[in-house]
């Protein structure tokens with residue numbers, strides 16, 4: 034059975050011991066029922082390395098390094114000793130994400146893998162998909178096709194959003210506002226009418242937009258929201274994410290104390306200098322930010338899946354994360370007086386490694402409701418500067 038796979042994944046390979054952030058490090062990779070059954074029947078000694086963690090069954094971590102106990106000099110000892118058939122779905126497929134729309138199988142990859150982030154964000158190939166023959170499919174493959182749609186109709190809707198994400202006639206913030214507005218419109222009509230409505234709504238989205246509504250406190254609240262999500266998550270080793278947070282903290286001249294945010298004498302002057310400096314390179318980074326948006330929509334299989342209970346929740350979470358990424362890039366530029374492609378990729382991957390796997394979407398939406406970012410003008414306003 035042919036599978037639709039993201040074009041940039043065609044020649045993707047795990048870097049193994051050459052990877053700066055091997056996925057075996059610091060991950061409690063979950064084990065599916067099929068892999069557990071295989072361990073019990075064919076390799077019972079493997080059950081000694083299984084414990085409970087973020088899910089019912091995960092691989093143990095080394096107490097000293099916080100790495101998976103089967104991590105061996107950049108490679109997985111399970112795969113080396115027993116073959117890939119003994120890898121659970123989480124380990125076998127990472128960073129790939131496989132979805133089902135009726136009889137259409139779709140595969141892309143999360144930006145939480147350094148090599149996936151590099152290829153996805155730096156590869157400007159226009160083709161969205163290529164056909165691939167999968168050697169293996171996930172044990173649990175959920176079908177996201179809603180009642181009232183045929184698979185090809187759903188796929189076309191998904192592709193319409195992916196195309197809209199990289200539109201050349203607008204900055205990425207306005208594109209996010211367009212998608213947010215379209216999501217609101219789609220929620221008010223029956224799913225069976227989406228094939229006729231989506232392209233119309235996308236084409237006419239600008240006529241429904243009001244001016245972006247930005248507030249001075251928004252950048253500081255973006256940092257505070259990210260820090261709050263990290264604080265609420267299970268403790269783990271996140272050195273590169275901590276570097277991003279420290280850079281943001283120093284650039285914004287803010288400090289946290291018991292969950293409260295305090296401002297320094299240079300908070301507002303630094304923010305203004307940061308924004309002034311970004312203006313000189315904003316156009317340069319727009320294609321990269323749009324590719325980020327396109328990849329996140331693909332991973333979410335938007336509008337049919339993603340973090341959040343509703344279409345509006347899903348695009349709100351993606352939009353705020355994109356605004357957070359832009360702020361992190363601005364802070365990096367301000368603190369280091371430069372921003373290169375490899376630094377961009379590292380910041381993206383560091384944020385994705387946490388936000389795509391450990392951040393609580395329910396808590397995220399609670400924060401975004403309180404800040405008002407669930408409204409289209411306010412969400413757009415996060416990108417105003």
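Residue numbers (our numbering): 34 to 418.
Heads up, the beta-carbon is just placed ideally off N, CA and C, and yes, glycines get one too.
These numbers come from a predicted model, not from an experiment.
Residue i, DSSP secondary structure in three states
{"i": "residue 140", "result": "strand"}
{"i": "residue 101", "result": "strand"}
{"i": "residue 315", "result": "helix"}
{"i": "residue 303", "result": "helix"}
{"i": "residue 186", "result": "helix"}
{"i": "residue 201", "result": "coil"}
{"i": "residue 402", "result": "helix"}
{"i": "residue 242", "result": "coil"}
{"i": "residue 145", "result": "coil"}
{"i": "residue 95", "result": "coil"}
{"i": "residue 343", "result": "coil"}
{"i": "residue 118", "result": "helix"}
{"i": "residue 281", "result": "helix"}
{"i": "residue 264", "result": "helix"}
{"i": "residue 251", "result": "helix"}
{"i": "residue 133", "result": "strand"}
{"i": "residue 287", "result": "strand"}
{"i": "residue 191", "result": "helix"}
{"i": "residue 24", "result": "A query on residue 24 cannot be resolved here, the shown segment of the chain reaching from 34 to 418 and no further."}
{"i": "residue 416", "result": "coil"}
{"i": "residue 83", "result": "strand"}
{"i": "residue 233", "result": "helix"}
{"i": "residue 164", "result": "strand"}
{"i": "residue 225", "result": "helix"}
{"i": "residue 178", "result": "coil"}
{"i": "residue 159", "result": "Its pLDDT being 48, under 50, residue 159 is placed unreliably by the model, and nothing is read from it."}
{"i": "residue 44", "result": "coil"}
{"i": "residue 106", "result": "coil"}
Residues near residue i in its chain [Cβ-Cβ closer than 6 Å; skip 5 each side]
{"i": "residue 174", "result": "133"}
{"i": "residue 43", "result": "163"}
{"i": "residue 262", "result": "392"}
{"i": "residue 79", "result": "72"}
{"i": "residue 422", "result": "Because the chain in this structure spans residues 34 to 418, residue 422 falls outside the shown range and cannot be described."}
{"i": "residue 124", "result": "62"}
{"i": "residue 411", "result": "246 and 405"}
Proximity below 9 Å, CB of residue i to CB of residue j
{"i": "residue 355", "j": "residue 326", "result": "yes"}
{"i": "residue 36", "j": "residue 165", "result": "yes"}
{"i": "residue 197", "j": "residue 414", "result": "no"}
{"i": "residue 251", "j": "residue 409", "result": "no"}
{"i": "residue 322", "j": "residue 359", "result": "yes"}
{"i": "residue 192", "j": "residue 161", "result": "yes"}
{"i": "residue 348", "j": "residue 401", "result": "no"}
{"i": "residue 353", "j": "residue 295", "result": "no"}
{"i": "residue 186", "j": "residue 227", "result": "yes"}
{"i": "residue 142", "j": "residue 332", "result": "yes"}
{"i": "residue 340", "j": "residue 394", "result": "yes"}
{"i": "residue 41", "j": "residue 156", "result": "yes"}
{"i": "residue 416", "j": "residue 209", "result": "yes"}
{"i": "residue 38", "j": "residue 140", "result": "yes"}
{"i": "residue 382", "j": "residue 144", "result": "yes"}
Other residues of its chain near residue i: CB distance less than 8 Å, five sequence neighbours each side excluded
{"i": "residue 345", "result": "213, 216, 217, 220 and 407"}
{"i": "residue 426", "result": "Summary: the structure shown does not reach residue 426, with the chain confined to residues 34 through 418, and so no result is reported for it."}
{"i": "residue 120", "result": "68, 109, 111 and 112"}
{"i": "residue 361", "result": "277, 280, 281, 380 and 384"}
{"i": "residue 303", "result": "284, 285, 286 and 367"}
{"i": "residue 45", "result": "142, 148, 149 and 152"}
{"i": "residue 301", "result": "249"}
Residue of the options minimising C-alpha distance to residue i
{"i": "residue 122", "options": "171, 303, 378 and 208", "result": "171"}
{"i": "residue 148", "options": "385, 405 and 395", "result": "385"}
{"i": "residue 389", "options": "139, 146 and 105", "result": "146"}
{"i": "residue 169", "options": "418, 117 and 176", "result": "117"}
{"i": "residue 199", "options": "330, 269, 46 and 324", "result": "324"}
{"i": "residue 366", "options": "140, 309 and 331", "result": "309"}
{"i": "residue 204", "options": "161, 128 and 318", "result": "318"}
{"i": "residue 167", "options": "155, 190, 161 and 129", "result": "129"}
{"i": "residue 223", "options": "202, 182 and 249", "result": "182"}
{"i": "residue 91", "options": "394, 97 and 102", "result": "102"}
{"i": "residue 257", "options": "292, 48 and 82", "result": "292"}
{"i": "residue 374", "options": "311, 328, 240 and 150", "result": "150"}
{"i": "residue 313", "options": "336, 206 and 371", "result": "371"}
{"i": "residue 89", "options": "338, 230, 209 and 66", "result": "66"}
{"i": "residue 207", "options": "243, 230, 114 and 84", "result": "243"}
{"i": "residue 106", "options": "127, 126, 140 and 48", "result": "48"}
{"i": "residue 52", "options": "94, 97, 104 and 39", "result": "104"}
Cβ-based neighbour list, residue i, same chain, cut-off 7 Å, excluding 5 preceding and 5 following
{"i": "residue 487", "result": "Because the chain is modelled from 34 through 418, residue 487 falls outside the range shown and cannot be assessed."}
{"i": "residue 289", "result": "260"}
{"i": "residue 254", "result": "404"}
{"i": "residue 307", "result": "284, 363, 364 and 367"}
{"i": "residue 195", "result": "161, 327, 330 and 331"}
{"i": "residue 84", "result": "91 and 93"}
Any chance you could list the alpha helix (DSSP H) runs of at least 4 consecutive residues sitting entirely within the region 347–398, in chain order?
374–388
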